[in-house]
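Please read the structure below before turning to the comments.
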Amino acid sequence: MNKKNNKGQGVVYILTNPSFPEYVKIGYADNLQKRLKELNRSECIPYAFRVFAIYEVNERLQDLALHNMIDSINPNLRAIETFDGKKRKKEFYAMSADDAYAILQTIATVSGTVQRLHKVSPEGHEIIDEKMAEEVENSVLYTEDSLLSKGNKETILLYQELKKEIKKLDNVVVEPKKLYIAFKSPKNFTDVEIQKNNLKIFINMSKGTLVDPNGIAQDVSDIGHWGNGDYRVYLSEKSKIADIMELIKQSYFANGNK
Numbered sequence: 074m075n076k077k078n079n080k081g082q083g084v085v086y087i088l089t090n091p092s093f094p095e096y097v098k099i100g101y102a103d104n105l106q107k108r109l110k111e112l113n114r115s116e117c118i119p120y121a122f123r124v125f126a127i128y129e130v131n132e133r134l135q136d137l138a139l140h141n142m143i144d145s146i147n148p149n150l151r152a153i154e155t156f157d158g159k160k161r162k163k164e165f166y167a168m169s170a171d172d173a174y175a176i177l178q179t180i181a182t183v184s185g186t187v188q189r190l191h192k193v194s195p196e197g198h199e200i201i202d203e204k205m206a207e208e209v210e211n212s213v214l215y216t217e218d219s220l221l222s223k224g225n226k227e228t229i230l231l232y233q234e235l236k237k238e239i240k241k242l243d244n245v246v247v248e249p250k251k252l253y254i255a256f257k258s259p260k261n262f263t264d265v266e267i268q269k270n271n272l273k274i275f276i277n278m279s280k281g282t283l284v285d286p287n288g289i290a291q292d293v294s295d296i297g298h299w300g301n302g303d304y305r306v307y308l309s310e311k312s313k314i315a316d317i318m319e320l321i322k323q324s325y326f327a328n329g330n331k
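Residue numbers (this note's numbering): 74 to 331.
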């Protein structure tokens, strides 16, 4: 799909940047090429933005409705900062490009406008930039403390309680990654992503294999995500740890432990 949109027709775009792969930028542009030039003019960003997908729209600023929808689903995804005493909401979201694309795909399917949605393949320097960024990432040592800094005091305490329960299992190794903390024994059986107000936990089991009597896990097999496994659950209160541990134990034993 050519990145140039038709004259008089704007697009909602999903942009990625190897400089911060954990985020995507979602916005609107009347002229996408002009917008890319504006964003890539800065010398403060090591790599250029690239277009991951576009959704053609007939009305301007439909991205605001999309922003509001994402915020209502999970307000912790949006990049928000306070500068000079003023709160500033950015167009950046802590999600994978595939997750963002899945949202547009759902909208396009429901509205019968699938033909307006286009995924764009990387080309030229974009492929090189992504490879270089990946090499840099692989050379970086990540720590629990750096990942825990994303959460508030309550979230950090909640993680410590969950970690204590997980470590009761035999031979568990904690391995911080760029975006989450992996628990292995010896295979990866669960991943914990620290968010501001909760913990996002991935259960490393294939779709259809998890016994979930309380219905607390979400099937994420059809959408892109950072953690391993086809199930995701959120933890925001200590009283839910026991139920979630029952799911984690299933993954622990399913991944080679007895």
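Glycine included, every Cβ here is placed at the ideal spot set by N, Cα and C.
This one's a predicted model, so the numbers in the text were calculated from it and none came from an experiment.
An exposed status is given to residue 142, since fewer than 16 other beta-carbon atoms sit within 10 Å of its beta-carbon. In the three-state reduction of the DSSP assignment, residue 323 falls in the helix class, which pools H, G and I.
A contact between stretches requires three or more CB pairs, one per stretch, nearer than 8 Å, and the segment 272–287 meets this requirement with the segment 301–319. Residues of the same chain with a CB within less than 7 Å of the CB of residue 187, apart from the 5 flanking positions on each side, are 181 in chain order. When the five nearest sequence neighbours on each side are left out, the beta carbons in the same chain lying within less than 7 Å of the beta carbon of residue 164 are those of 98, 99, 100, in order along the chain. The beta carbon of residue 125 sits closer than 6 Å to those of 87, 89, 170, all from its chain and outside the five residues before and after it, given in chain order.
Residue burial annotation: residue 243 is exposed, with fewer than 16 other C-beta atoms found within 10 angstroms of its C-beta. Annotation for residue 227: the continuous alpha helix (DSSP H) segment containing it runs 226–239. A direct Cα-to-Cα measurement between residue 145 and residue 123 gives close to 27 Å. In this structure, residue 223 sits away from residue 162, with a CB-CB distance that is not shorter than 8 Å. Exclusion of the five residues before and after residue 215 leaves 249, 250, 251 as the residues of its chain whose Cβ lies within less than 7 Å of its Cβ. Taking the Cα of residue 310 as reference, the smallest distance to any Cα among 327, 230, 254 is reached at 230. It is roughly 21 Å from the alpha-carbon of residue 193 to the alpha-carbon of residue 140. In the three-state reduction of the DSSP assignment, residue 264 falls in the strand class.
For the pair residue 228 and residue 271, the CB atoms are nearer than the 8 Å cut-off.
The secondary-structure analysis by DSSP pairs residue 283 with nothing; it has no beta-bridge partner. Under a 10 Å Cβ-count criterion, residue 282 is classified as exposed, with fewer than 16 other Cβ atoms of the shown protein chains found around its own Cβ. The criterion of a C-beta distance shorter than 8 Å is not satisfied by residue 189 and residue 232.
Within the segment 76–133, the runs of beta strand (DSSP E) that reach at least 3 residues and sit entirely inside it are, in chain order, 83–89, 97–102, 123–130. Bounds of any beta strand (DSSP E) do not take in residue 215, whose DSSP letter is neither H nor E.
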